[in-house]
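Reviewing the structure listed below.
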Amino acid sequence: MGSLSIGHWLIVLVIVLLIFGTKKLRNLGGDLGGAIKNFKSSMREGEAEANEDKDKAQIASAQPTQRETAGAKQEDSKV
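Following my numbering, the numbering of the sequence shown begins with 80 at its first residue and continues without gaps.
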């Protein structure tokens, strides 16, 4: 009794079409599709920036600083 059958959904669809018209519904669908597309592209850009920052941090931690290399050279010369 709580769920709607296909007949109920068709009646709701007809009422919505009569109230809003097909042009408004088409515009609404286009706007919704554009919003989803923009959201997905923004998510991809954010992930790309996060990956770039992660790569830069890994490169920076992998490269020894000048002090570390100078200290290692001094230790080698003492031996």
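The beta carbon of each residue, even a glycine, is placed where N, CA and C say it ideally should be.
Where do the N-terminal and C-terminal ends of the alpha helix (DSSP H) with L83 fall, by residue? As a first step, residue 83 must be located in the sequence shown, where it is residue number 4. It is not in any alpha helix (DSSP H) - L83 carries neither H nor E in the DSSP assignment.
Quick check: the Cα distance between D134 and I85, rounded to an integer number of angstroms? The residue you call residue 134 lines up with position 55 of the sequence shown. The residue you call residue 85 lines up with position 6 of the sequence shown. For D134 and I85, the gap between their C-alpha atoms comes out near 53 Å.
Compute the Euclidean distance between the alpha carbons of I115 and I98, then round it to the nearest angstrom. As a first step, residue 115 is located in the sequence shown; it is residue number 36 there, counting from the start. As a first step, residue 98 is located in the sequence shown; it is residue number 19 there, counting from the start. One C-alpha to the other measures close to 25 Å.
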